[in-house]
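> Here it is, the structure, as C-alpha cells.
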C-alpha cells in the first residue's frame, strides 16, 4: 500500500473546488464585473470560506482567471503550430481558437494579464512568417499584431445581423466572423485576394490537407 492516499484525495478535492470557483467566477463576473466573492461562492456551490481560502483576495482570483486563459492561449499557439504550419493556415486556425476562447472566457479576455509576453511573441512570430511568405507586406510584426487584436475585438462584437457578416457565405456565424477578420487583417496589412471570404475558404482546404 502506498502512503499519501488521503492527502492525494484532499488535493484532488481542492483542485475540483478551485476549478468550480473559477468556472463560476467567469460566468458571474461576465454578467456583473463588480460581483462580490460571496456571489461567486454561491454560484460555485461552495462555502464562502472556501473561496477566501483558495483566493486570499479579489485580485488573487482575477490573477488566477488571467493565468488560466493565458495557459490556453499558449496551448492554442502550440496546437495551431504557428512556428511550422503554413502561416496563413496557422492564422486561420488560431483565429478560430481565439474566437472560441472569447466565447467561453467572456470576462477573462478583458484582463490585460491574460496576454503575456510569451503570447505576444507567438503572434509576432506568426506575422513575421506571413510577411516572409509574401502574404502581407507590412514590415513590423508588432504593428501587425496590434491591428489583428484590435480588429479581433471589433469582429467579435459585431451584431449578428450586421450586413458585413450576412454578406459572407459561411457555414455559421462564427465562421463568418473568422472570414471577416482574416480577410480584413490580410487586406489591411498589404495582402491581396481577400474578397468574399475566398481566402479563408482556400485556407480551410489547405488546413485539411495539412492535417492528413
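Residue numbers (the UniProt record's numbering): 1 to 212. The beta-carbon is built from N, C-alpha and C at its ideal position, and this holds for glycine as well.
Drop a sphere of 10 angstroms on the beta-carbon of residue 87, count the other beta-carbons inside from all chains shown, and report buried for 16 or more, exposed for fewer.
By the neighbour-count criterion, in which 16 or more other beta carbons inside 10 Å mark a residue as buried, residue 87 falls on the buried side.
> Give a yes or no on whether the minimum CB-CB distance between residue 84 and chain C is below 7 Å.
No chain C appears in this structure, which consists of one protein chain only.
> With distances taken from CA atoms, which of 174, 68 and 97 is nearest residue 77?
97
> Do you know whose CA, among 22, 179 and 95, lies nearest residue 58's CA?
Closest in C-alpha terms to residue 58, from the list 22, 179 and 95, comes 22.
> Return the chain-ordered list of same chain residues with a C-beta closer than 7 Å to the C-beta of residue 29, the five sequence neighbours on each side being excluded.
35 and 107
> Would you please state the rounded distance, in angstroms, between the beta carbons of residue 189 and residue 179? I believe it to be under 8 Å.
Not a contact, Cβ separation roughly 16 Å.
> Using three-state DSSP, classify residue 80 as helix, strand or coil.
coil
> Out of curiosity, what's the CA-to-CA distance linking residue 47 and residue 156?
The C-alpha of residue 156 is placed about 36 Å away from the C-alpha of residue 47.
> Work out the CA separation of residue 69 and residue 105 for me, nearest whole Å.
Their backbone Cα atoms lie some 7 Å apart in a straight line.
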